[in-house]
Amino acid sequence: MKRRANLFALAIATFFSFSALAQNVTGVVSDAASGEPVPSVSVKEKGTNNAAITNFDGKYSIKVGDNAVLVFSSMGYASEEGTVTGNTLDVSLTTSSNKLDEVVITAFGISRDKKSIGYAVQEVGGAEVSKVKDANFMSSLSGKVAGVNIRQSGTMGGSANVVIRGYSSLTGNNQALFVVDGIPISNAITNTSDQQTGRGGYDYGNAAMDINPEDIDKVSVLKGAAATALYGSRASNGVILITTKKGSAKKGLGISIGSGITVGTFNPSTFVRYQNEYGQGYGPYYGPDTINGVWTEGKMTEYDVDGDGVMDIADPTGDDASYGMRFDPNLQKYGWNSLFPELSTYGQSQAHVAGANDPTTFWETAVTTNNSVAVDGGSENSTFRVSATQFRTSGISPNSSLKRNNFSFSGSQNLSDRLTVSTTANYINQSAQGRMGTGYSNKNPNQSFRQWYNVGVDMQEQKSAYEATGKNLSWNAYGYGAANPTAPHYFDNPYFMSYENYSNDSRDRIMGNIMTNYKINDWLDFMGRASVDTYSAIEEERQAFGGVDVPGYVRRNRTVSETNIDLVLTANKNFGDFSFNGNLGSNVRRNAVSSISAGTNGGLVVPGVYALSNSTNAPAAPSENAYQVGVNGLFARASLGYKDYLYVDLTGRNDVSSTLPTANNSFFYPSATLALVFSELLDVDAIDFGKFRANYAMVGADAPAQALANAYNMGTPFGSANLASAPNTDANSGLIPESTVSTELGLEMMLFDNRVGFDLSYYDQTSSNQIMPARVSSTTGSIFKYVNAGVINNAGIEASINLTPVRSKDFEWNINVNYTRNRSQVVSLFEGAENLQLAGVQGGITIEARPGQAYGVIYGTSHERDAEGHPIVYDNVTYSGGRGGGVRYLRGEKDVLGDINPDWYGGLNNSFRYKNWTASALLDMQWGGSFFSLDTYYGYATGVYDLTAGNNADGNPIRNSIYDPAYQVHGNGGAGGLKMTGVSYWDGSVDANGDNDYSNNTVDVDANGDALYGDMSFYSNVLGYSRGVGEYHVWDASYIKLREVALQYSVPSNLLGQTGIKGLDISLVGRNLAILWKANPYSDPEAGLSAGNIQGNQSGAYPSVREVGVKVNLKF
Amino acid sequence: MKKLFTAASAALLIASCTSDLSSLNENSKAPVQVPAGTLIANATVDLSDYLASVNVNLNNFTLWSQHWTQTTYTDESNYDYNQRDVNGNTFDELYANVLRDLQDAKGLIEADDGLLPQVQANQLAIADLLQVYTYHVLVDIHNDVPYSEALGDVEADPTLITPKYDAASGIYTNLVARILAAHGTLAGDNGLGSFDLIYGGDANAWKKFAASLALKLAVRAADVDPTAQTVAETAAGAGVFTSSADNASMSYTSSPPHTNPLWESLVQSGRTDFCASNTIAGIMNGLVDPRRGVYFRNLDSLGDLMGGVYGQNSAYNTHSQPGDAVEAPTLAAHLMSYSEVSFLLADAAQRGWNVVGTAGEHYANGVNASMAQWGVSGTDAATYLAQTTVAYDASVWKERIGVQKWLAMYMRGNEAYNTVRTYDYPAMNIADVAQRPVPNRMSYGVDEYSLNTTNVEAANGGSDDDTDKVFWDVN
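From first to last, the protein sequence lines stand for chains R and V.
Residue numbering for the first sequence follows my numbering, beginning at 19 and increasing consecutively.
Residue numbering for the second sequence follows my numbering, beginning at 3 and increasing consecutively.
Printed below as a string of structure tokens:
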């Protein structure tokens, strides 16, 4: 047994097989462009498992036999080979998009030659993730990995939905599993179901966003089930495997400092375009048609404001719509700002005009700063790295901020030739204040801005009114004639809302592990590791005095922990042309979640004190939850290699889970993979590398905790009577494990001197026996019941293409394309059920899984259509007051209106290097998919959008009534309405069975040949929610975004000279700079509410934020 | 090294053992068994909340009966109940909350060996009466509903996951039988004590409730059920409500969450969604009804109601609004009242059925009880009753009973709507925007069509139009 150089990097456990070695070779590996040393380069003796890794200074040392060939490979560089001719061998590496001939990290941190792997793995370097930072690092992966779909919810620090290869679980978790240095970490989304369905609440993000991009060395994405069988069930959604930076042996210390600042501004193309012609109100029914001799059409309130005995004209300020009287600068009226004695405008009338500043002026400039310092070092027998990062950001909403501090330590020590211990420890503290409220809630300013608003308001006047008084002087006060004229009706002053009704939250988290590696003999290693991820979090929400909602306070405390104990034996041995590599291991996992949520009841006694004890009435019983999950797993993996071109892997795992009935709680699942490096068998110059791969895998899965037995909910006592109620979700004591079966085929090739590379995958994955709370007829006594049912299939293709059109010493151009096309199909549900409701959202819309359809269809009221597909319209009644008339859409059956899944999505990255300059631009795109907009559903009805005003095709204001002559007399009526085209007119005839008869229908004209008009004269118009059709508000979600732009200059070392600085990089970065194309006019098609299974619903969507920043990295 | 290898092997073995993991899955925060009274009390609250609610997502009948109309958002006044899934929500609330809790309570009571036999019988009877009451509410809304196969043990019989719809008339017959059985059982104390939120543990009070409920179902089915007369006469003879002290009502608390749900919708929400409709304004103004100032506020200078055109937008400030009494958080909600029972007796007497007293007497009792309930003085009530437009007149009995019962059922939307359908009085207005008359029933929710398709499609002989009539609405 020979001595080994134990340069240990935690997640990179390389395997040594020392035979009789002749000489020691040392050298330095440097970057061909910058001349800087390159650390962590794998140095391998070709044809053997003998390997070493370069240290921080790029130095390596390896004992090799005579005439050995060394292969140098590292992430992001083209591999180099060099023949040993002496005791030293220095090489320089050129950057490359060649990612095939590399070492990749797989389950349990086992590093393997990528060529031997029979499933899809795609890696992203740490620099790619931290280059253009987002508060949620997951967002930085968007467009960079094929098969991974990332959707950002749009609020500061909000959650990111990360789904790999489609939604495979009907109601369970579909988020990828995050593993950091072998520690599976919680990525819980704790947003309430109200929040996720758009009924209000805050998006508190997802837990994996605690990961600090500055500490990331590399990210490996394991996409399929075969890649992940060793992680157990949770990995069937794919794994995002993160390896953090480690220390390395060197003289002295390595110090790196990074600092960046980014400013963000709202993107107007993702916001409402307001009409500016009509004022406050819903229609003509507030006061008399004529007030004090002025024709107001009943759209203004009559009130004697100045007490002179003559009626004055006032806005109906208590209403939250813009279907009021046409603006007229010559008309004096009283508005919201006339109501408040605190204001100089009190009792003053003003001109009836649109607000000088619309809600676009509400959005502020967001500022993000990031500062980090890392120190690493090491000696022959030990290494360490410590780092600290502070991240701060403010949102575009006033009074919103988030900060995060990450501290990390990693170290390793060789206790003997055979025994190494290592540890990583991370402490993360994140806190936020004034998160931006989401969904249909007064705490989300967009609910008002997009749906319920008076365009006569000057937003900056709302701001100064709040700032001058600290009070809720709302544009939406009840108004003149009401019992309480100055109290807010539906909406608070948005500044009062931001500064007084704010939330705060914080999370303290510790993640770490202790690991022992013991080299039993030259082919057998033992690894024992204990890891923990635990955090406690608090969320506090406030409602101040003087607002629309009852004053109150809610707090939620939650503690979450996961521990894993892994014991793994690893064998690694060659037999002639055959190589064997395998593991036998066990995993004991325990999860525990404990939470409590409590709120005040009926108000607060003392204003401004947010404490449960300050509750007006005794607080209701808090909601408490506690659950634990235990899984004991045993697994084995065997990998057989023949020569350098054929590899077969077999894995098997057995889990025993606490969440299943004892009789059914043990389940086994196997996988098999094949990799054939056919380029080794060919002798074609153009082909540098070629591999075909195939795999088959099964994965079992357990149930959610506490799904086997019913328990009663205890309610708040009614007087002295305690209350209990049966659960609405019926448990099932007979559940069996879920099963997922997947197959995958792949082809990887590098061509033409590594100028062209691609990786193609086809996959097909079917999950069955899904455990889900199926919606059942409530006449059973339950609303949901846990069942084993449901089959869902996802099949798709992924392509990752790398091109290097130009490669020279000074200039290089790389193109990277990622493309994903996933097709999901819900095959069957429970007992022939026709649908599985994922969520009921507002607007009569449900997001559903329906057999034969893709997962996540948008279901709701459709247009009734004629045989040619034209929406059918019919005569609308004219009701009293002269409104109505014209035609309206005929509502059809409820039907599938859209689908949350894109047809395809992908990214296109161009990067350029010229000497010390690098530049890159990432386009991120999605084609197809759709979403329902509650914003236009309501906003069209309330007359907020530009589309509800202006003139029709005949040059008349569309808001004029269509027919009623009474309104024409005054010059502001008649011949109005929206001219309808592409529609089919039904005259109301029915056939003998009483069914609608469309055989006489005419397109775009009525029975008399006259053009068709839809009434737009008040809120019950032809487009909005009241008379319209849900389908009208389902939008195409396609987009092309300029996601990231970066320009970096690395100061050459000769310029740094004697400063002691070893490296200095300066970069300009931009993120979400533009949406180059999208189908919907008023929002970011990507905007959502929360990560999770409920997508495709926009309610009070936030505009997207363009970020531009500068960043400096220093190394000493 | 050998030691380590041995230790590792041992550890692998330990992990492979199936230690008793199942205890990890127990719920430490929620009980698997509770006192039956907690479930009965909860079901009572849920049922009462449903009946008293004017939440547009749950109960639209105060609008359908045209007591109120909506000010700004007039969709429900125009009978658009599908957009908000009001029908689906009604099923969820009444089946999965009210009926389910009562069903579980019955199981727990039956399994409780510690109860005295009479107490056990009383508790079962009360839980059953509340279920009967709930089912009759469902039938009156929809006509056919799942009954015989509802609330079943799905794990024992998987076909019960899709309960069939039973004929409404058959359900009524069965409900009456259950009432009479419960009536025969009830005696003494029911042992529920404060869990009995309606009668505080008094089984005899429940006995009167049972008789009154039987009378109600019989009178409702008078035009279609040949046994109705016998049932009504039996019930009346067995002892129905004799004063408002017998009312089956829930006294709400002054603080949330157990206030009258009206308070939440009208006061706590700060919304101004409802005002008097021109339908009730026309009738009450015409009758110079002394309840106008209690039912509503913001009357005109003559003391008349200012009603909004039904179904059309109406400014809140310039119309009469739900009255201060209605806005009280403690306002009691009635499941059944003496006033209502009096009108039932008036109807029965008018039909010549053998109930003690004349139609006119019962009619006057019904009016007077309502007046007293809303704080109107006896003098004012007498003056009101003395008017020729109000005084009982057998030649127009349907109009008299219809109008006065409809007025007395203020804030009992379901029952006011039933009254209109029963008597076709008072005349309702056409909803202005929808331009359609009051629906005759509510059609089934969309969830039933996707989850219980075959059965719901067969209900009501295959027709689910809301212009169809429920089985008892034939004249």
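Every residue, glycine too, gets a C-beta built ideally from N, C-alpha and C.
Query - C-beta neighbour in chain R for asparagine 1(V), strict 9 Å - result: Past the boundaries of the shown model lies residue 1(V); chain V is included only from 3 to 477, so the question cannot be answered.
Inset, instruction - Select from Leu692(R), Val717(R) and Ala704(R) the residue whose C-alpha is nearest the C-alpha of serine 684(R). - result: Of the listed residues, the one whose Cα sits closest to serine 684(R) is Val717(R).
For the region 90 to 106 of chain V, which residues have a beta carbon sitting closer than 9 Å to at least one beta carbon of chain R?
Answer in chain order: Gly90, Phe93, Asp94, Glu95, Leu96, Tyr97, Ala98, Asn99, Leu101, Arg102, Asp103, Gln105 and Asp106.
Q) Under a Cβ-count criterion, where at least 16 other Cβ atoms within 10 Å of its own Cβ denotes burial, should valine 1130(R) be classed as buried or exposed? A) Exposed, by the Cβ-count rule.
So tyrosine 665(R) is in the alpha helix (DSSP H); what residue range does that whole segment cover?
If you look at tyrosine 665(R), you'll find it isn't in any alpha helix (DSSP H); it sits in the beta strand (DSSP E) that goes 664 to 675.
Validate contact between the region 1008 to 1025 of chain R and the region 964 to 982 of chain R using beta carbons, cut 8 Å, 3 pairs: No: the two stretches stay apart, fewer than three of their Cβ pairs being nearer than 8 Å.
For this session: Indicate the three-state DSSP secondary structure (helix, strand or coil) for isoleucine 716(R) in the structure shown.
Result: In the sequence as presented, isoleucine is not what sits at residue 716(R); that position holds methionine. In the structure shown, methionine 716(R) adopts extended strand secondary structure according to DSSP, grouped into three states.
- Could you name the residues of the region 162 to 178 of chain V whose beta carbon sits closer than 7 Å to any beta carbon of chain R, in the order they occur along the chain? Against chain R - using a Cβ distance shorter than 7 Å - the residues of the region 162 to 178 of chain V are Leu162, Ile163, Thr164 and Pro165.
- Which chain V residues sit within Cβ distance under 8 Å of aspartate 337(R)? What aspartate 337(R) touches in chain V: Thr74.
task: Identify the continuous alpha helix (DSSP H) that holds histidine 370(R) and give its terminal residues.
output: Counted as a single uninterrupted DSSP element, the stretch harbouring histidine 370(R) is not any alpha helix (DSSP H) but the beta strand (DSSP E) occupying residues 368 to 370.
Practice task
Mind checking which residues open and close the alpha helix (DSSP H) that includes leucine 215(V)?
Solution key: Leucine 215(V) -> alpha helix (DSSP H) spans 205 to 222.
Exercise for review: For leucine 132(V), name the three-state secondary structure that DSSP assigns.
Suggested key: Reduced to three states, the DSSP call for leucine 132(V) is helix.
* Asked: Would you report the Cα separation of isoleucine 446(R) and alanine 145(R), rounded to the nearest angstrom?
  -> Separation of isoleucine 446(R) and alanine 145(R) (C-alpha to C-alpha, rounded to the nearest whole angstrom) is 21 Å.
Sequence-distant residues of its chain with Cβ nearer than 8 Å to isoleucine 705(R) (five each side left out): Contacts found: Ser697, Met767, Met768 and Leu769.
query: DSSP on methionine 329(R), reduced to helix/strand/coil?
result: The three-state reading of DSSP puts methionine 329(R) in coil, since its state is none of H, G, I, E or B.
- Message: To the nearest angstrom, how far is the alpha carbon of alanine 54(V) from that of alanine 98(V)?
- Response: Computed Cα separation, rounded: 18 Å.
Name the residues in the region 784 to 815 of chain R whose C-beta lies less than 8 Å from a C-beta of chain V; which are they?
Residues are counted here when their Cβ sits less than 8 Å from a Cβ of chain V; for the region 784 to 815 of chain R these are Arg793, Val794, Ser795, Ser796, Thr797, Thr798, Gly799, Ser800, Ile801 and Lys803, given in chain order.
**Study point:** Where leucine 1073(R) falls, given that 16 or more other Cβ within 10 Å makes a residue buried
**Key:** Residue environment: leucine 1073(R) is assigned as exposed (fewer than 16 neighbouring CB atoms within 10 Å of its CB, all protein chains considered).
*Note down, in chain order, all residues in the region 247 to 280 of chain V with a beta-carbon under 8 Å from any beta-carbon belonging to chain R.*
Against chain R - using a Cβ distance shorter than 8 Å - the residues of the region 247 to 280 of chain V are Thr255, Ser257, Pro258, Pro259, His260, Gln270, Gly272, Arg273 and Thr274.
query = Touching or not, the region 497 to 506 of chain R and the region 530 to 550 of chain R, by the rule of three or more beta carbon pairs under 8 Å?
reply = Judged by pairs of C-beta atoms under 8 Å, the region 497 to 506 of chain R does not touch the region 530 to 550 of chain R, as fewer than three such pairs exist.
What residue ranges within the region 1019 to 1048 of chain R form continuous beta strand (DSSP E) runs of no fewer than 3 residues, ordered along the chain? If we require 3 residues or more, the beta strand (DSSP E) runs fully inside the region 1019 to 1048 of chain R come out as 1030 to 1032.
Neighbour flag for proline 334(R) against chain V, beta carbons, 9 Å:
So yes, proline 334(R) belongs to the interface.
For threonine 101(R), which residues in chain V fall below 9 Å Cβ to Cβ?
-> Here the premise fails: no neighbours, minimum Cβ distance about 37 Å.
ask   = Under 9 Å Cβ-Cβ, which residues of chain R neighbour valine 56(V)?
value = The contacting residues do not exist; valine 56(V) stays about 18 Å from chain R at best.
* Asked: From the beta carbon of alanine 317(V), is the nearest beta carbon of chain R less than 9 Å away?
  -> Alanine 317(V) counts as touching chain R.
### Query
Taking buried to mean at least 16 other C-beta atoms within 10 Å of its own C-beta, is leucine 1094(R) buried or exposed?
Note on leucine 1094(R): under 16 other CB atoms within 10 angstroms of its CB, so exposed under the neighbour-count rule.
Quiz item: Among Val290(R), Ala70(R) and Thr387(R), which one has its Cα closest to the Cα of serine 419(R)?
Solution: The residue with the shortest Cα to Cα distance from serine 419(R) is Thr387(R).
- prompt: CB valine 578(R) to CB serine 1108(R), shorter than 9 Å?
  reply: In this structure, valine 578(R) sits away from serine 1108(R), with a CB-CB distance that is not shorter than 9 Å.
Note down, in chain order, each residue of its chain lying with its Cβ closer than 7 Å to the Cβ of valine 1008(R), except the 5 sequence neighbours on either side.
Within the same chain, valine 1008(R) has close Cβ partners Asn1014 and Asp1015.
> Are the C-beta of tyrosine 897(R) and some C-beta of chain V separated by less than 9 Å?
Replying inline: True, the Cβ-Cβ gap to chain V drops below 9 Å.
*For leucine 199(V), go through chain B and note every residue whose CB falls closer than 7 Å to its CB, in chain order.*
Absent from the structure: chain B. Protein chains present are R and V.
Notebook entry, point to check: Going along the region 1043 to 1076 of chain R in order, which residues come within less than 7 Å of chain V, judged by CB to CB distance?
Noted result: Listed by position along the chain: Ser1044.
- [ ] Go through the region 1065 to 1100 of chain R residue by residue and report every complete run of the beta strand (DSSP E) that reaches 3 residues or more, in order.
- [x] Correct list: 1081 to 1096.
Fill in: Per DSSP, the bridge partner or partners of glycine 276(R)
Paired residue(s): Ser390(R) and Asn1131(R).
| said: Since alanine 690(R) and asparagine 672(R) should fall inside the 8 Å C-beta cutoff, what is the C-beta to C-beta distance between them, to a whole number of angstroms? | reply: Not quite, the Cβ-Cβ distance comes to about 16 Å (not below 8 Å), so this is no contact.
Exercise. Tell me whether the beta-carbon of tyrosine 167(V) lies closer than 9 Å to the beta-carbon of asparagine 457(V).
Key: Contact annotation: tyrosine 167(V) and asparagine 457(V) have beta-carbon atoms nearer than 9 Å.
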